[in-house]
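Chains A and B are the protein sequences, given in the same order.
Every letter in the first sequence is one number past the one before it in the working numbering, and letter 126, counting from 1, is 168.
Every letter in the second sequence is one number past the one before it in the working numbering, and letter 122, counting from 1, is 259.
Even glycine gets a Cβ: it sits at the ideal position worked out from N, Cα and C.
On a predicted model such as this, the values are computed, not experimentally measured, just so you know.
First comes the structure, then the notes that go with it.
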Amino acid sequence: MQFTINGQSHQAEVDIRTSLLDLCREHLGLTGSKKGCDHGQCGACTMIVNGRRINSCLTLAVMHQDDDIVTIEGIGTPENLAPLQRAFVSHDAFQCGYCTPGQICSATAMIEEAKMGWPSHVSGTLDGGVTLDNEEISERMSGNICRCAAYPNIVDAIREVAGA
Amino acid sequence: MKTFDYARADSPEDAVAAAGDEDTYFIAGGTNLLDLMKLQVETPARLVDISRLDLNRIEDTDEGGLRIGALVANSDLAADQRVRDRYEVLSRALLAGASGQLRNKASTGGNLLQRTRCYYFYDTASRCNKREPGTGCDALEGFNRIHAVLGTSDHCIATHPGDMPVAMRALGAVIVTLKKDGDRRRIPIHDFYRLPGDTPHIETVLQPGELITHVELPPAPAGRQLYRKVRDRASYAFALVSVAGIVSVEDGRIASAALAFGGLGPMPWRDAAVEAALVGNAPSSAAFEAAADALLKDARGYGSNDFKLPLVRRTLIACLRDLTGDAA
């Protein structure tokens, strides 16, 4: 099977049951994405596929052979952090750090969703013009669980990069 | 997860040709099916991947409604400008469901077929007539806080967990399918779901190998629309009770009402008697109480879910106040 991940082409022969998450972690050495619940409930495995954030644990690798896949390794590097990564550091937006790659992948795509004017459950109207205040950020990030409960600082970090 | 054969379909005709036996499943977003496969609640022998089919557009119909491809993602449907402008109840229902990640993957067709979140359905060590017909139902006398109060049977008290289908029931959507013999069917959502009776494993009228290709919405209804969801946490949780409401008021009287409910029954629930209790009457507490009485006439709790009866009464009345208040 042929995959494009972070702009690089990869070949892998994997069991048909392999999730996109396990493909990256177990076969391609991309261990930044984390496995939390493996059932789409925690968001630690979030990747950006064709521009959209998804739970990589809940999709089969074989279904993504022609897709453009971005993992945390494609967002930034220790030498060249993305703005969200810098903001997570400066706001102390993690404790154990296990959920952080998923939080940052999710927030990266969430900011683009807001720029497109996608409303959310807490938006007062559906007519676009989204302002990413604390309430909007919390709602839009509800698919990413932080067991250390660093939520206030996660929201602050995202708001610094994208919000009001 | 049990292993399976995999084939990618290139057209709807391909897909139905490859399906037809009960061990072959279509897979689109996969967010529900793969979850169930990991737990071996579902063990298909073969998956037909329909995710690349050309069924991901939202088009205007000649009648003034919308034709939604079965593969349109929940997030795209919620954000579509026509849906936001004319079918607010649908946009709101979609946005109240799941998480951003799941809405990006979950499809319109798949969401209609979402399986229950009954704990005993998920736990393969428990008895469940939906998962293993004839074994019994551990929910009846178990932890049934999230379970149904309407449309249940002695064999199953599971709820349909969806939000989108509740709005679609209020809107009177039509589900368009392609059958294995090449025929198309147009199934009003009113006729799409089946009550559990003694066959709770059969949830819809779809035949083996029948593929949902589109969902059609009639022209936008008159009046106000809302979707209200009551749940255990403010986001990313299933409904304990939800209400999709569309009500118009003319000359001080309720001219039309469409009300559908989530969290109450084995299907998105709609009862003509609820609407009949409202139409023709002036909005009033008495009329709203009568509508709630009609809804709950045959309702029963199973212990832990008894609270749903007063909860849905209050939720419905609050929704009706919002739908008919002031300028309506």
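Quiz item: How is HIS52/A classed by DSSP in three states: helix, strand or coil?
Solution: strand
Self-check item: Coarse secondary structure for ASP260/B, derived from DSSP in three states
Solution: coil
Quiz prompt | Contact set between GLN238/B and chain A, taken where Cβ atoms lie within less than 7 Å | solution = GLY85, THR88, ARG95, ILE96, ASN97, SER148, GLY185
Quiz item: Quick one: Cα of ASN92/A to Cα of ARG407/B, how far?
Solution: 38 Å
Practice problem: Please report the residue range of the alpha helix (DSSP H) in which GLY246/B lies. | Solution: 245-249
Quiz item: Relative to the alpha-carbon of HIS106/A, which residue among GLY166/B, SER441/B, ASP300/B has its alpha-carbon at the smallest distance?
Solution: GLY166/B
Quiz item: Under the rule that 16 or more other beta-carbon atoms within 10 Å means buried, what is ALA464/B, buried or exposed?
Solution: With a pLDDT of only 49 at ALA464/B, under 50, the local geometry of the prediction cannot be trusted, and the value read off the model is given with reservation. Burial call: exposed.
Quiz item: What does MET138/B touch in chain A if you count any residue whose Cβ is under 8 Å from its own?
Solution: ARG59
Exercise. May I have the straight-line CA-CA distance separating GLN145/A from LEU100/A, to the nearest angstrom?
Key: 17 Å
Exercise. Could you check the C-alpha separation between THR130/B and ALA285/B for me, to the nearest Å?
Key: Summary: the structure shown does not reach residue 130/B, with chain B confined to residues 138 through 465, and so no result is reported for it.
Self-check item: Assigned exposure category for MET212/A - 16 Cβ within 10 Å defines buried
Solution: Since the first and last residues shown for chain A are 43 and 206, residue 212/A lies out of range.
Quiz item: Of all Cβ atoms in chain A, is any one closer than 8 Å to the Cβ of PHE141/B?
Solution: yes
Quiz item: What does GLU155/A reach in chain B if we use C-beta pairs closer than 9 Å?
Solution: SER212, ALA216, GLY237, ASN241
Exercise. Could you name the residues of chain B that HIS163/A contacts, counting a contact when the two beta carbons are closer than 7 Å?
Key: LEU232, ALA233, SER372
Quiz item: Where does GLN362/B sit, in a helix, a strand or coil, going by DSSP?
Solution: strand
Self-check item: Span separating the alpha-carbon of SER441/B from that of ASN281/B
Solution: 5 Å
Quiz item: Around the C-beta of ARG451/B, are 16 or more other C-beta atoms found within 10 angstroms, so that it is buried, or is it exposed?
Solution: exposed
Practice problem: Compute the Euclidean distance between the alpha carbons of THR60/A and ILE164/B, then round it to the nearest angstrom. | Solution: 15 Å
Self-check item: 4-residue-minimum alpha helix (DSSP H) runs that sit fully inside the region 154-242 of chain B, ordered along the chain
Solution: 170-175, 211-216, 218-223, 225-232, 237-242
Quiz item: Is MET89/A helix, strand or coil by DSSP?
Solution: strand
Quiz item: In whole angstroms, what separates the C-alpha of GLN344/B from that of GLU412/B?
Solution: 31 Å
Quiz item: From this set, LEU63/A, HIS81/A, ILE90/A, which residue's C-alpha is nearest GLY49/A's C-alpha?
Solution: ILE90/A
Exercise. Please list the partners that ARG182/A has in chain B, where partner means a Cβ-to-Cβ separation under 8 Å.
Key: GLY237
Quiz item: What residue range is occupied by the uninterrupted alpha helix (DSSP H) comprising HIS327/B?
Solution: 326-329
Quiz prompt | Contact list for LEU63/A against chain B, beta-carbon separation under 8 Å | solution = Residues of chain B passing the Cβ test: none, with the nearest at roughly 11 Å.
Self-check item: Any C-beta of chain B under 8 Å from that of MET152/A
Solution: yes
Practice problem: Give a yes or no on whether 8 Å exceeds the smallest Cβ distance from ALA464/B to chain A. | Solution: Annotation note: pLDDT 49 at ALA464/B (below 50); position unreliable, coordinate value reported separately. So, not an interface residue.
Practice problem: Pull up the distance between the alpha-carbon of SER148/A and that of GLN177/B, whole angstroms please. | Solution: 29 Å
Quiz item: Using CA coordinates, which residue listed in ALA397/B, PRO447/B, ASP320/B, ILE205/B is at the minimum distance from GLY346/B?
Solution: ASP320/B
Exercise. Measuring alpha carbon to alpha carbon, tell me which of VAL303/B, ASN418/B, LEU192/B, MET301/B ends up nearest GLU387/B.
Key: ASN418/B
Quiz item: Along chain C, in chain order, which residues have C-beta atoms closer than 7 Å to that of LEU168/A?
Solution: Within the model displayed, chain C is absent; protein chains A and B are what it includes.
Quiz prompt | Nearest-angstrom beta carbon gap, HIS327/B and ARG204/B [assumed within contact, 8 Å] | solution = The pair is not a contact, with the Cβ atoms about 18 Å apart (cut-off 8 Å).
Exercise. Please state if the CB of ARG368/B and the CB of ALA359/B are separated by a distance shorter than 8 Å.
Key: no
Quiz item: Where do the N-terminal and C-terminal ends of the beta strand (DSSP E) with ARG268/B fall, by residue?
Solution: Looking at the DSSP string, ARG268/B is not in any beta strand (DSSP E), and its letter there is neither H nor E.
Quiz prompt | Given PRO182/A as reference, the closest of GLU155/A, ASP198/A, CYS188/A once Cα atoms are compared | solution = Reading the sequence as shown, one finds Arg at residue 182/A and not Pro. For ARG182/A, the nearest C-alpha among the options comes from GLU155/A.
Quiz item: Would SER263/B count as contacting chain A if we go by Cβ distances under 8 Å?
Solution: no
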